[in-house]
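S.K.: Supplied in structure tokens, the structure appears directly below.
2 protein chains.
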Amino acid sequence: MDFFFKPESIALIGASPNPEKLSHTVLESLRKMGFKGKIYPVNPGYREVEGLKCYSAPGEIEDRIDIAIFAVPAKAVLEILKGPVENIKGAIIVSSGFREMGADGKKMEDELRALLIEKGIRAMGPNCLGIYDTISNVDTFFIEREKIERPVRDGVSVLTQSGSFAAMIMDELANEGAGVARVVSYGNKVDVDESDCLEFLAQDDATKAVALYIESVGNGQRFLEVASSCVKRKPVVALKVGKREPGARAASSHTGAISGMYEAYEAAFRKTGIIEVASYEELKDACKVLNRYSPVEGKRVLIITDGGGIGISIADSCEEAGLKVPELSAAAVRKLKERLPAFASVKNPIDLTGSVRDEHYIAALQEAPAREYDLAIVSLLWGPPLLTEGVAEKIRDFAESCGKPILISSPGGKFSREMASAFTATGMPVFFTPESVVRAAAVLCGGKR
Amino acid sequence: MDFFFKPESIALIGASPNPEKLSHTVLESLRKMGFKGKIYPVNPGYREVEGLKCYSAPGEIEDRIDIAIFAVPAKAVLEILKGPVENIKGAIIVSSGFREMGADGKKMEDELRALLIEKGIRAMGPNCLGIYDTISNVDTFFIEREKIERPVRDGVSVLTQSGSFAAMIMDELANEGAGVARVVSYGNKVDVDESDCLEFLAQDDATKAVALYIESVGNGQRFLEVASSCVKRKPVVALKVGKREPGARAASSHTGAISGMYEAYEAAFRKTGIIEVASYEELKDACKVLNRYSPVEGKRVLIITDGGGIGISIADSCEEAGLKVPELSAAAVRKLKERLPAFASVKNPIDLTGSVRDEHYIAALQEAPAREYDLAIVSLLWGPPLLTEGVAEKIRDFAESCGKPILISSPGGKFSREMASAFTATGMPVFFTPESVVRAAAVLCGGKR
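Okay, structure coming up:
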């Protein structure tokens, strides 16, 4: 599997100078990503594509091909694989028109599988977006960066069957200033599946945590083994969708069996130590927080705000999520009162009010004893006139020294998001509603476990 | 109460040319809002403020004052109210330093209450932001528009004790292209409370629906009466925060009693027909959807997407929220198959796939029989190359003719939000995650009821 994530050469099968072709966007994606290896366009109709020598078939390339991206119609994929393709190690088949199209498509997919085995080629897809990889600088996504933003480099890798899901979460993470390590959209899983990818990511130093979007798992036993072994090395979160299969929509007489299926997934997550999340929003929040922090042992949350209402909303959400907002010890309250101005409310949540200054946040963090909580949520509304962007670096410095995760909540619109970018610039995860910061906290506290 | 919402004259007590004063921002807010009535600055230290004649005391103004905004320290509020203030009908006391500051502040607030009764003045606050009103063009908020955006005119009115909550939800609604009718932040409720405002809004033609953020209700019996009567005329949604009072944090021995309190609120919501929401996010989603649609009788949801994964996530969220995603009738499936291309998956959720064109959305809406669902969720990913912004107007036209609510989901980042603005421009509510569109749908289906 290594060649998928450390490729030195990529062939683009179906390469074309026509900007309306998917392959054209793929070439653009690879180039904008700054892929450093060799790129070989393949198309019998051209001698040259976008300044690169174009080959009429992959067999003509006098080089090993780590990844051959197939961006041609389903039938052409099969034709090409029947020819000389011995130099191809891995294929990413973005083409649709296979199993998802019904019986005829399924037949073609079976033929594809047989051909891949015969030729000894590992393959992702078909019907997928492939790989977006901030470490190897590979981007095989055929959606323009104008439409789907690409997140910066960070520690979480995302595995997903659904291409639309991959695109949606990448776009939104980028929009919120968060990053990823590697994203794999493996579509119909004719060969490579979640377990293959997870096995690679378990050993991958660039991946600090893994987020899984699962519609179905093929080989349950293998998944259990691989997941258990991955969880020993790094946190894994999973969203199971189609819980009651409304998408696949079996006959209603099958509902019982299908619902039982979901319970099997739930049990598997519990058994392997995978942190299950309940929604797309929660998976996204998990990605953001796991880029920087590891799960904690307890569930005690310290809340510091400059708006009473928000503090109460965050505390409420914590209780809903099974987290604790414990009272501070009398000794802690005494120390906090010494350092904080009279207008501050020295409880948990600590409310610094609209008269807050940057240094009050730091004083509150410094004087709340770290042994009394497992993680802290620091919420900033930017209305208070004396609050500045400078608070971000000071909080980051404290976060680095204190050893407890500090999550930032910065609810609101344009101005709030601009100010929050001072935090994302320091690598701290920022959340934009009271509930989202608590979803992230709950993931660090082990989710449903 | 009318003079608060249809004022012809506003006095600004504590007016100042100093841009660092709250009062300066209030004057700016009133002017940027385009308030058409008279504005009287009051401050003995100036003859003129920002081009307006300045009075040394409210009694000197030879006019009835519908709203006197007090933007002076707590003690000065009391001093001024002891003087000649017979021409003041309503006061908005934005000043803090009263009950929220402890025993001394509470004493001052009691004195304030007595003075208001003695002088026959109705008052909002203290410790509040006051009124943001898109009908009367009043904006008494002392936070600059650069920091907190102001939403456009629409149908939902918001009542809240918490100023930070008012600011946060307004900022985010504006950022998402949604509007409001009137927003009241009434703070410590020395006089005007949620029931007074609700009574006005019940009769207010500009208010189509009411959203309540409640920390506590003073007079429970009155609230029950007013709320019941309001619900008969228009939908009311409520978020109760401090459910287990972690903000007010009583001694832990009192927890039982306090938790019982929340159950009393729950019961009151059920009894009056108020739709209870569980979170800030849900209240925001409720505001967006109630600007355009009224609650429906059933819980059957039709889902139309161009991305399989998103469709499944939306369907899952529906099931979680107690909504139904029923199978379409055989007759409907037959008709849909005739009108939709072969690549489309004709189930509920209907998946138009990445090959979708604008007209496929319309065909799907037209051929799904309205009697088979109570509301429709239309989800658009903007990656598909043949999809255009033009789809928004076509869907809006259909929505107007079909009589069922149609909610738009447009997940993703920058590009998605730009495209989505084609919908907000037509007045259609747009939601940016699979879960948020379902939260809105659940509100229309009556929430927990």
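Order-wise, the sequence lines are chains A and B.
First residue of the first sequence? That's 0 in numbering that gives the first Met the number 0, and the numbers climb one at a time after it.
First residue of the second sequence? That's 0 in numbering that gives the first Met the number 0, and the numbers climb one at a time after it.
Glycine included, each C-beta is placed from N, C-alpha and C at the ideal position.
For TYR360 (chain A), report the span of its alpha helix (DSSP H) as first-last.
M.R.: Residue numbering aside, residue 360 (chain A) sits at position 361 when the first sequence is read from its first letter. Note, TYR360 (chain A): alpha helix (DSSP H), 357-366.
S.K.: With a threshold of 8 Å between beta-carbons, can ILE380 (chain B) be considered close to chain A, or not?
M.R.: By one-based count along the second sequence, residue 380 (chain B) stands at place 381. The identity of residue 380 (chain B) in the sequence shown is Leu, whereas the question assumes Ile. Output row for LEU380 (chain B): interface = yes.
S.K.: Could you name the residues of the same chain whose beta carbon sits closer than 8 Å to that of ILE79 (chain A), not counting the 5 residues immediately before and after it, in chain order?
M.R.: As a first step, residue 79 (chain A) must be located in the first sequence, where it is residue number 80. Counting only Cβ-Cβ distances below 8 Å, and skipping sequence neighbours, we find ILE12, ALA56, PRO57, PHE69, VAL71.
S.K.: If you measure beta-carbon to beta-carbon, which residues of the stretch 288-320 of chain A are closer than 7 Å to chain B?
M.R.: If the cut-off is 7 Å between Cβ atoms, the stretch 288-320 of chain A has GLY306, GLY307, GLY308, ILE309, GLY310, ILE311, SER312, ALA314, ASP315, SER316, GLU318 near chain B.
S.K.: Along the stretch 148-161 of chain B, where does the CB come closer than 7 Å to a CB of chain A? Name the residues.
M.R.: Per Cβ criterion, the list reads GLU148, SER161.
S.K.: Is SER161 (chain B) helix, strand or coil by DSSP?
M.R.: The residue you call residue 161 (chain B) lines up with position 162 of the second sequence. Coil, per DSSP.
S.K.: Taking the continuous beta strand (DSSP E) assigned at ILE92 (chain B), which residues delimit it?
M.R.: By one-based count along the second sequence, residue 92 (chain B) stands at place 93. It spans 87-92 - the beta strand (DSSP E) in which ILE92 (chain B) sits, taken as one unbroken run.
S.K.: Quick check: the stretch 167-187 of chain A against the stretch 287-305 of chain A, are there 3 or more CB pairs under 8 Å?
M.R.: In short, these stretches touch, since the Cβ pair count reaches three.
S.K.: Applying a beta-carbon distance threshold of less than 9 Å, which residues of chain B neighbour VAL240 (chain A)?
M.R.: The residue given as residue 240 (chain A) occupies position 241 in the first sequence. Under the 9 Å cutoff, chain B gives GLY308, ILE311, SER312, ALA314, ASP315.
S.K.: Suppose only complete runs of 4+ residues qualify. What are the alpha helix (DSSP H) ranges in the stretch 2-47 of chain A, listed by chain order?
M.R.: Entirely contained in the stretch 2-47 of chain A, the alpha helix (DSSP H) runs reaching 4 residues are, in chain order, 21-32.
S.K.: What distance in whole Å lies between the Cβ atoms of ILE303 (chain A) and LEU364 (chain A), which are believed to be in contact at a cut-off of 8 Å?
M.R.: Here residue 364 (chain A) is taken as the residue at index 365 of the first sequence, counted from 1. Here residue 303 (chain A) is taken as the residue at index 304 of the first sequence, counted from 1. Indeed they touch by this definition, with Cβ atoms about 7 Å apart.
S.K.: Can you pull the DSSP bridge partners for LEU211 (chain A)?
M.R.: Position 212 of the first sequence, counted from the start, is the residue given in the question as residue 211 (chain A). Bridge partners of LEU211 (chain A): A:LEU158, A:ALA237.
S.K.: Using a C-beta cutoff of 8 Å, does ASP170 (chain A) count as contacting chain B?
M.R.: Position 171 of the first sequence, counted from the start, is the residue given in the question as residue 170 (chain A). Chain B, which has a Cβ nearer than 8 Å to the Cβ of ASP170 (chain A), makes this yes.
S.K.: Below 8 Å on C-beta distance, what does ASN17 (chain A) contact in chain B?
M.R.: Here the question's residue 17 (chain A) lines up with position 18 in the first sequence. Those within 8 Å of ASN17 (chain A) in chain B number zero; the least Cβ separation is about 12 Å.
S.K.: Would you report the Cα separation of LYS81 (chain A) and GLY219 (chain A), rounded to the nearest angstrom?
M.R.: Within the first sequence, residue 81 (chain A) is the residue found at index 82, counting from 1. Within the first sequence, residue 219 (chain A) is the residue found at index 220, counting from 1. Answer to the nearest angstrom: the Cα atoms are 32 Å apart.
S.K.: With a 10 Å radius around its C-beta and 16 neighbouring C-beta atoms as the bar for buried, classify SER15 (chain B) as buried or exposed.
M.R.: For the purposes of this step, residue 15 (chain B) is identified with residue 16 of the second sequence, where counting begins at 1. Per the 10 Å Cβ criterion, buried.
S.K.: Under the assumption that LEU379 (chain A) contacts ASN347 (chain A) (Cβ atoms under 8 Å), give the Cβ distance between them as a whole number of angstroms.
M.R.: Residue numbering aside, residue 379 (chain A) sits at position 380 when the first sequence is read from its first letter. Residue numbering aside, residue 347 (chain A) sits at position 348 when the first sequence is read from its first letter. About 17 Å separates the two Cβ atoms, so there is no contact after all.
S.K.: At what residues does the alpha helix (DSSP H) containing ASP195 (chain B) begin and finish?
M.R.: Along the second sequence, one-based indexing puts residue 195 (chain B) at 196. Taken as a continuous stretch (DSSP letters only), the alpha helix (DSSP H) holding ASP195 (chain B) covers 193-201.
S.K.: Which chain B residues sit within Cβ distance under 8 Å of THR425 (chain A)?
M.R.: Taking the first residue of the first sequence as position 1, residue 425 (chain A) is located at position 426. Near THR425 (chain A) there are no residues of chain B at all, since even the closest Cβ is about 21 Å away, more than 8 Å.
S.K.: When the Cα atoms are used, what is the spatial distance from ILE394 (chain B) to LYS403 (chain B)?
M.R.: Here residue 394 (chain B) is taken as the residue at index 395 of the second sequence, counted from 1. Here residue 403 (chain B) is taken as the residue at index 404 of the second sequence, counted from 1. Using only the alpha carbons, I get a separation of about 12 Å.
S.K.: Can you give me the C-alpha to C-alpha distance between PRO410 (chain A) and THR432 (chain A), rounded to a whole angstrom?
M.R.: Position 411 of the first sequence, counting from 1, holds the residue named residue 410 (chain A). Position 433 of the first sequence, counting from 1, holds the residue named residue 432 (chain A). Using only the alpha carbons, I get a separation of about 5 Å.
S.K.: Taking one C-beta from the stretch 109-128 of chain B and one from the stretch 183-193 of chain B each time, how about it: are there three or more such pairs within less than 8 Å?
M.R.: Cβ pair count under 8 Å is three or more, so yes.
S.K.: Between the alpha carbons of ALA256 (chain B) and GLU262 (chain B), how many angstroms are there, rounded?
M.R.: Locating residue 256 (chain B) in the second sequence gives position 257, where the first residue counts as 1. Locating residue 262 (chain B) in the second sequence gives position 263, where the first residue counts as 1. Low confidence applies here, because ALA256 (chain B) scores a pLDDT of 40, under 50, leaving its location unreliable and the question unanswered by this model.
S.K.: State yes or no: is the beta carbon of TYR185 (chain B) nearer than 8 Å to at least one beta carbon in chain D?
M.R.: The question asks about chain D, but that chain is absent: this structure's protein chains are A and B.
S.K.: Indicate whether at least one CB of chain B lies closer than 8 Å to the CB of PRO428 (chain A).
M.R.: By one-based count along the first sequence, residue 428 (chain A) stands at place 429. Not an interface residue.
S.K.: Spell out a yes or no on whether the stretch 159-167 of chain B and the stretch 33-51 of chain B are touching, meaning 3 or more CB-CB pairs, one atom from each, closer than 8 Å.
M.R.: Too few Cβ pairs lie closer than 8 Å, so no.
S.K.: Tell me, to the nearest whole angstrom, how far the beta carbon of ARG181 (chain B) is from that of SER215 (chain B); I am working on the premise that it is less than 8 Å.
M.R.: Translated into the one-based positions of the second sequence, residue 181 (chain B) becomes position 182. Translated into the one-based positions of the second sequence, residue 215 (chain B) becomes position 216. Actually they are not in contact, since the Cβ atoms of ARG181 (chain B) and SER215 (chain B) sit about 22 Å apart, beyond 8 Å.
S.K.: In whole angstroms, what is the alpha-carbon distance linking PHE140 (chain B) and SER28 (chain B)?
M.R.: Here the question's residue 140 (chain B) lines up with position 141 in the second sequence. Here the question's residue 28 (chain B) lines up with position 29 in the second sequence. For PHE140 (chain B) and SER28 (chain B), the distance between alpha carbons rounds to 7 Å.
S.K.: Taking only beta-carbon atoms, is GLU280 (chain B) less than 8 Å away from chain A?
M.R.: Here residue 280 (chain B) is taken as the residue at index 281 of the second sequence, counted from 1. Chain A contact via Cβ: present.
S.K.: Among A:GLU358, A:GLY306, A:ILE361, A:GLU371, which one has its Cα closest to the Cα of SER344 (chain A)?
M.R.: As a position in the first sequence, residue 344 (chain A) is number 345, starting the count at 1. Comparing Cα positions, the closest option is A:GLY306.
S.K.: Using the Cα positions of GLU49 (chain A) and PRO125 (chain A), report the straight-line distance between them to the nearest angstrom.
M.R.: Against the first sequence, residue 49 (chain A) aligns to sequence position 50. Against the first sequence, residue 125 (chain A) aligns to sequence position 126. Cα to Cα, GLU49 (chain A) sits roughly 26 Å from PRO125 (chain A).
S.K.: Using the DSSP secondary-structure output, state which residues sit across from ALA375 (chain A) in a beta bridge.
M.R.: In the first sequence, the residue the question calls residue 375 (chain A) occupies position 376. Per DSSP, A:LEU301, A:ILE405.
S.K.: In chain A, which residues lie less than 7 Å from PRO433 (chain B) when you measure between Cβ atoms?
M.R.: Residue 433 (chain B) sits at position 434 when you count from the first residue of the second sequence. Here the neighbours are TYR279.
S.K.: Using the C-alpha atoms, what's the distance from GLY321 (chain B) back to PRO368 (chain B)?
M.R.: If you number the second sequence from 1, residue 368 (chain B) lands on position 369. If you number the second sequence from 1, residue 321 (chain B) lands on position 322. Whole-angstrom Cα-Cα distance: 22 Å.
S.K.: Among all the DSSP beta bridges, which residues are the ones paired with MET184 (chain B)?
M.R.: Against the second sequence, residue 184 (chain B) aligns to sequence position 185. It should be pointed out that residue 184 (chain B) corresponds to Ser in this sequence rather than to Met. Note: SER184 (chain B) sits in a beta bridge opposite B:GLY129, B:THR159.
S.K.: Roughly how many angstroms separate the alpha carbons of GLU281 (chain A) and ALA210 (chain A), rounded to a whole number?
M.R.: Within the first sequence, residue 281 (chain A) is the residue found at index 282, counting from 1. Within the first sequence, residue 210 (chain A) is the residue found at index 211, counting from 1. Between GLU281 (chain A) and ALA210 (chain A), the C-alpha separation is close to 11 Å.
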